[in-house]
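Protein chains in written order, with full-length UniProt numbering: chain A, 1 to 188; chain B, 1 to 188; chain Z, 1 to 301.
Scroll down for the structure; my scribbles are underneath it.
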Amino acid sequence: MNPDELKQIIEGALFAAGRALSIEQIQALFEEAYRPDSASIKALLDDLYADYSERGVELRQVASGWRFQVRHDVGPWVSKLWDERPQRYSRALLETLALIAYRQPITRSEIEDIRGVAVSTAIVKTLLEREWVRVAGHKEVPGRPALFATTRHFLDDFNLKSLADLPALASIRDLAEIAADLEAATHE
Amino acid sequence: MNPDELKQIIEGALFAAGRALSIEQIQALFEEAYRPDSASIKALLDDLYADYSERGVELRQVASGWRFQVRHDVGPWVSKLWDERPQRYSRALLETLALIAYRQPITRSEIEDIRGVAVSTAIVKTLLEREWVRVAGHKEVPGRPALFATTRHFLDDFNLKSLADLPALASIRDLAEIAADLEAATHE
Amino acid sequence: MPAESMTAAESPSQTAPESPSDLFAIARVNGESITQLPDDLYIPPDALRVFLDTFEGPLDLLLYLIRAQNLDILNIPVAKITHQYLAYVNVMQAANFDLAAEYLLMAAWLGEIKSRLLLPRPASIDGDDELDPRAELIRRLQEYERFKQAAEHIDSLSCEGRDFFVAHAQAPDYQRPVEPPRVELRELLLALQDVLSRADLSVSHTVSRESLSMRERMSLILERLSGQRFVPFVQLFTVEEGRLGVVVSFMAILELVKEGLIDIVQADAGADIHVRARVGEAQGQALDLDDTSDERAFDES
């Protein structure tokens, strides 16, 4: 198979998948005897990236591999394809998601402890259905509560390559320091 | 808006939709004041058609408009994306096949006598379709039941030169040992 | 209950409730119990619902109060905040909302912190000062606030399907031939072992190595006979196979005769012997593929 045919197959697969494909997933499209090595595939992906540099779609690398996505600056027009404005997520959902992203693996009651309020089942369900969150295991305490973690899909959907791309949490002053301040304040 | 920007928006919209868009639908993406006429859109679609003439996807006109679709000749590779995990044959099928191999030619009711349960039509059909088993004749008893035998194809698939290569039933005592021997032999 | 409490319902009543309806009164106006919010209340109930929905819980409400007052989070005047907090809680309660237990718990906690601050602190013996009761509240507020910020940040990220779109094209209409399952001989033998152990074959079904090759030969002969009416007997033997092969073929033919599967015909003494498969009136009707036995060909997995 010549490189042009190979490139067409990769291109077709990425568009047909409609999601990111890893190099391994691309390799798996070929019979073992004709499987291109990862370096050749990477080279063809670089080629494709260049081919699409001036087009309405672009090749992007995200957490779980490469995908074609619509160029950001045509987004405002393209979003008119869908009548309803894309929904905004509730603060409760976003806070729950933030806690899972930064504190994973974490149980529901640990989330509730920090938020100071119960986490609704609907929110957990939405996060699981959206495939942003998965049950990574169970905590070995009475009731064996589920431990939640974020998924690759979450990273993909927010255009992140890894969790490290999320900004660091605001610093928190430690208790001894706070206590000292308070001490000083109350003795003034 | 210049034609290049316009083309990028149409291209992005077609790929974001993942389905056919009519010229009216494409026009609706633009505010009325800036809405291109259908002739300009048609011209840009022709442009896009040419742009993708050598790629892994192609622009095609279908009943409801234009859509990008994966080029047909990369189908064999791309369709691997949706490969199902290979199924496993049921124990009942393997038992039936083993009895046909060792007791051929054999009728279905004879298999049922030995197995103690009915042999389903689905199993017989699968074995015939797989070409491991054929109808070698009919037994001259009431109903003229089919006599099943194994095929050359069966021998090939199980790496046997002839049925005589199958271990003798009498010696199937330590099956694990035999299986190990066979595996060693076929991997030489 | 603080004296500054803002709603009538929560201020200590001068008189004990006089009727059961008083128990559900949200206010007493000129001695009359009000059990329903007047429709022309200047804060419509819907607005209160919105107000309650605005806060993600007691910590969020506290953060709002602290910020609204522009207060240093590290130096919360607990008494003042407690009063305000309770005032909000009372407004919610007056509007007949089911108050989430978390809000009431927070009110109780604030009250506890306030009372502990009022009490003189015992001099420490080992020099370890008792932790300020506000410290835990501050820690939780700080902890909550950083995740609140993180949530806002995530919301500001561009999100697939809202801010950007993945490109896809119609998949090719190529139907992939389904790969049939692979079977190892080992599996086949294990299956056989199961049958053998179920149906005690040791007496009636013993099959030896020799008879297996004879069985194969029986199938081959049947196959050869399937197309033609008569086949000369001698054609069923292959001289190149040698003596053993001829014997196997012969035994196979005898077994086929015994099982009634073939006929051997000789027109006259000394004439050629012919063999044919027994043919009935109709072909193939015995392969009945219409039954509904529920045994499956595939495992559901």
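Note that the Cβ used here is the ideal one computed from N, Cα and C, for glycine as well.
Quick caveat, the model's predicted, so the values are computed rather than measured.
task: Give, in chain order, every residue of the stretch 163–174 of chain Z whose Cβ lies closer than 7 Å to some Cβ of chain B.
output: Residues passing the 7 Å Cβ filter: Phe165, Ala167, His168, Ala169, Gln170, Ala171, Pro172, Tyr174.
task: Check the DSSP bridge columns for A:Ala149 and list the partner residues they point to.
output: Counting from one through the first sequence, the residue named residue 149 of chain A turns up at place 149. For A:Ala149, DSSP records a beta bridge to A:Arg134.
task: State yes or no: is the beta carbon of Z:Ala8 nearer than 8 Å to at least one beta carbon in chain A?
output: Position 8 of the third sequence, counting from 1, holds the residue named residue 8 of chain Z. Here the model assigns Z:Ala8 a pLDDT of 37, short of 50, so the residue's position is not dependable and the matter cannot be decided.
- prompt: What does DSSP give as the partner residues of B:Phe15 in its beta bridges?
  reply: Counting from one through the second sequence, the residue named residue 15 of chain B turns up at place 15. Beta-bridge annotation (DSSP): B:Phe15 is not paired with any residue.
query: Buried or exposed: where does B:His72 fall if 16 or more other Cβ atoms within 10 Å of its Cβ makes it buried?
result: Your numbering for residue 72 of chain B matches position 72 in the second sequence. Exposed, because fewer than 16 other Cβ atoms sit within 10 Å of the Cβ of B:His72.
- prompt: With 16 as the cutoff for other CB atoms within 10 Å, does A:Val135 come out buried or exposed?
  reply: Counted from its first residue, the first sequence places residue 135 of chain A at position 135. It is exposed - the Cβ of A:Val135 has fewer than 16 other Cβ atoms within 10 Å.
field: Under the three-state DSSP convention, the category Z:Arg224 falls into
entry: Start at 1 with the first residue of the third sequence, and residue 224 of chain Z comes out as number 224. If DSSP states are grouped into helix, strand and coil, Z:Arg224 belongs with the helices.
In DSSP terms, what B:Thr107 is bridged to: On the second sequence, position 107 is the one that residue 107 of chain B refers to. DSSP lists B:Leu147 as partners of B:Thr107.
query: DSSP three-state call for Z:Ser184: helix, strand or coil?
result: The count along the third sequence starts at 1 and reaches residue 184 of chain Z at position 184. In the sequence on display, residue 184 of chain Z carries Glu and not Ser. The answer is coil: DSSP assigns Z:Glu184 none of H, G, I, E or B.
message: Within the continuous alpha helix (DSSP H) that includes A:Gln61, where are the two ends?
response: For this step, residue 61 of chain A is matched to residue 61 along the first sequence. It is not in any alpha helix (DSSP H) - A:Gln61 instead sits in the beta strand (DSSP E) that spans 57–62.
message: Please state the DSSP three-state secondary structure of A:Phe158.
response: Residue mapping note: residue 158 of chain A aligns to position 158 of the first sequence, counting from 1. A:Phe158 falls in the coil class under three-state DSSP.
message: On the criterion of 16 or more Cβ atoms from any shown chain inside 10 Å, does A:Met1 qualify as buried, or is it exposed?
response: Walking along the first sequence from the start, residue 1 of chain A turns up at place 1. The residue in question, A:Met1, is exposed, as its Cβ has fewer than 16 Cβ neighbours within 10 Å.
- prompt: Since B:Ala122 is in the beta strand (DSSP E), which residue starts that stretch and which ends it?
  reply: Residue 122 of chain B sits at position 122 when you count from the first residue of the second sequence. Where B:Ala122 is concerned, there is no enclosing beta strand (DSSP E), although the alpha helix (DSSP H) it sits in stretches over 121–129.
task: With DSSP collapsed to three states, give me the class of Z:Ala79.
output: On the third sequence, residue 79 of chain Z is found 79 positions in, with the first residue counted as 1. Helix.
message: Using beta carbons (cut-off 8 Å, strictly below), is A:Tyr49 in contact with chain Z?
response: Residue mapping note: residue 49 of chain A aligns to position 49 of the first sequence, counting from 1. Chain Z contact via Cβ: absent.
message: Can you list, in chain order, the residues of its chain with a C-beta nearer than 8 Å to that of Z:Glu112? Leave out the 5 residues immediately preceding and following it.
response: In the third sequence, counting from the first residue as 1, residue 112 of chain Z sits at position 112. Shown here for Z:Glu112: same chain residues with a beta carbon closer than 8 Å to its own, the five before and five after excluded, namely Pro133 in chain order.
task: Would you decide whether B:Pro142 is buried or exposed? Buried here means 16 or more other CB atoms lie within 10 Å of its CB.
output: Sequence index remark: in the second sequence, residue 142 of chain B carries index 142 (1-based). With fewer than 16 Cβ atoms within 10 Å of its Cβ, B:Pro142 is classed as exposed.
- prompt: What is the rounded straight-line gap between the Cα of A:Ala39 and the Cα of B:Gln87?
  reply: Numbered from 1 along the first sequence, position 39 holds the residue referred to as residue 39 of chain A. Numbered from 1 along the second sequence, position 87 holds the residue referred to as residue 87 of chain B. Looking at the two C-alpha atoms, the distance is approximately 33 Å.
task: Taking A:Ala43 as part of the alpha helix (DSSP H), name the residues at either end of that continuous run.
output: Translated into the one-based positions of the first sequence, residue 43 of chain A becomes position 43. Looking at the DSSP string, the run of the alpha helix (DSSP H) that includes A:Ala43 is 38–51.
query: B:Leu59 to A:Leu81, Cα distance in whole Å?
result: Counted from its first residue, the second sequence places residue 59 of chain B at position 59. Counted from its first residue, the first sequence places residue 81 of chain A at position 81. Their backbone Cα atoms lie some 19 Å apart in a straight line.
Where Z:His153 meets chain A, residues with beta-carbon distance less than 7 Å: Mapped onto the third sequence, residue 153 of chain Z falls at position 153. Contacts between Z:His153 and chain A, judged by CB atoms closer than 7 Å, involve Pro167 in chain order.
Rounded C-alpha distance that separates B:Trp77 from A:Ala17: Against the second sequence, residue 77 of chain B aligns to sequence position 77. Against the first sequence, residue 17 of chain A aligns to sequence position 17. Taking the straight line from one Cα to the other gives about 12 Å.
message: Just to check my reading of the structure: Z:Leu222 and B:Ala98 have Cβ atoms closer than 8 Å, yes? What is that Cβ distance to the nearest angstrom?
response: Within the third sequence, the letter at position 222 stands for residue 222 of chain Z. Within the second sequence, the letter at position 98 stands for residue 98 of chain B. 20 Å between Cβ atoms; not a contact.
query: Relative to the C-alpha of A:His138, which residue among A:Phe68, A:Leu147, A:Glu131 is closest?
result: The sequence position of residue 138 of chain A within the first sequence is 138, counting from 1. Among A:Phe68, A:Leu147, A:Glu131, the Cα nearest to that of A:His138 is on A:Leu147.
message: Check whether chain B comes within 8 Å of Z:Met251, counting only Cβ atoms and requiring the distance to be less than that.
response: Walking along the third sequence from the start, residue 251 of chain Z turns up at place 251. Using a Cβ-Cβ cut-off of 8 Å, Z:Met251 does not count as an interface residue toward chain B, since no Cβ of chain B sits closer than that to its own.
query: Mapping DSSP to helix, strand and coil, what is Z:Asp72?
result: Your numbering for residue 72 of chain Z matches position 72 in the third sequence. In this structure, Z:Asp72 counts as coil in the three-state DSSP scheme.
- prompt: Going straight from the alpha carbon of Z:Phe147 to that of A:Glu95, what length do you get?
  reply: Walking along the third sequence from the start, residue 147 of chain Z turns up at place 147. Walking along the first sequence from the start, residue 95 of chain A turns up at place 95. Pairing Z:Phe147 with A:Glu95, the inter-Cα distance amounts to about 6 Å.
message: Just to make sure I have the definition right: I need the residues of chain B whose C-beta is within less than 7 Å of the C-beta of A:Val70. Which are they?
response: As a first step, residue 70 of chain A is located in the first sequence; it is residue number 70 there, counting from the start. Under the 7 Å cutoff, chain B gives Gly12, Phe15, Ala16.
task: Evaluate B:Asp156 with the Cβ neighbour count: other Cβ atoms within 10 Å of its Cβ, from every protein chain shown; 16 or more gives buried, anything less gives exposed.
output: In the second sequence, residue 156 of chain B corresponds to position 156, counting from 1. In summary, B:Asp156 is exposed, with fewer than 16 beta-carbon neighbours lying within 10 Å of its beta-carbon over all protein chains present.
message: Judging by CA-CA distance, which residue of A:Ala43, A:Lys42, A:Ala20, A:Ala13 is the nearest neighbour of residue 199 of chain A?
response: Because chain A in this structure spans residues 1 to 188, residue 199 of chain A falls outside the shown range and cannot be described.
message: Relative to the C-alpha of B:Gln61, which candidate in B:Leu127, B:Ser22, B:Glu129, B:Asn159 has its C-alpha closest?
response: Position 61 of the second sequence, counting from 1, holds the residue named residue 61 of chain B. Checked all of B:Leu127, B:Ser22, B:Glu129, B:Asn159; the closest Cα to B:Gln61 is B:Ser22.
message: Contact defined as beta carbons within less than 8 Å: I believe residue 321 of chain Z pairs with A:Arg108. What is the distance between those atoms, to the nearest angstrom?
response: Any property of residue 321 of chain Z remains undetermined from this structure, which presents chain Z solely from 1 to 301.
message: If the criterion is Cβ atoms closer than 8 Å, does the pair B:Leu163 and Z:Ser213 meet it?
response: Position 163 of the second sequence, counted from the first residue, corresponds to residue 163 of chain B. Position 213 of the third sequence, counted from the first residue, corresponds to residue 213 of chain Z. Going by C-beta atoms, B:Leu163 is nearer than 8 Å to Z:Ser213.
query: Does the beta carbon of Z:Phe233 come closer than 8 Å to any beta carbon on chain A?
result: Locating residue 233 of chain Z in the third sequence gives position 233, counting from the first residue. Contact with chain A is absent for Z:Phe233, since none of that chain's Cβ atoms lies less than 8 Å from the residue's Cβ.
message: For a contact defined as C-beta to C-beta under 9 Å, what are the partners of B:Phe158 on chain Z?
response: Locating residue 158 of chain B in the second sequence gives position 158, counting from the first residue. The contacting residues are Val183, Glu184, Leu185, Leu188.
- prompt: At a Cβ threshold of 8 Å, is Z:Pro38 touching chain B?
  reply: For the purposes of this step, residue 38 of chain Z is taken as residue 38 along the third sequence, with counting starting at 1. At Z:Pro38, the pLDDT of 46 sits below 50, so the modelled position is not reliable; the number obtained from the coordinates is stated separately. In terms of beta-carbon proximity, Z:Pro38 stays away from the interface with chain B, with every pair separated by 8 Å or more.
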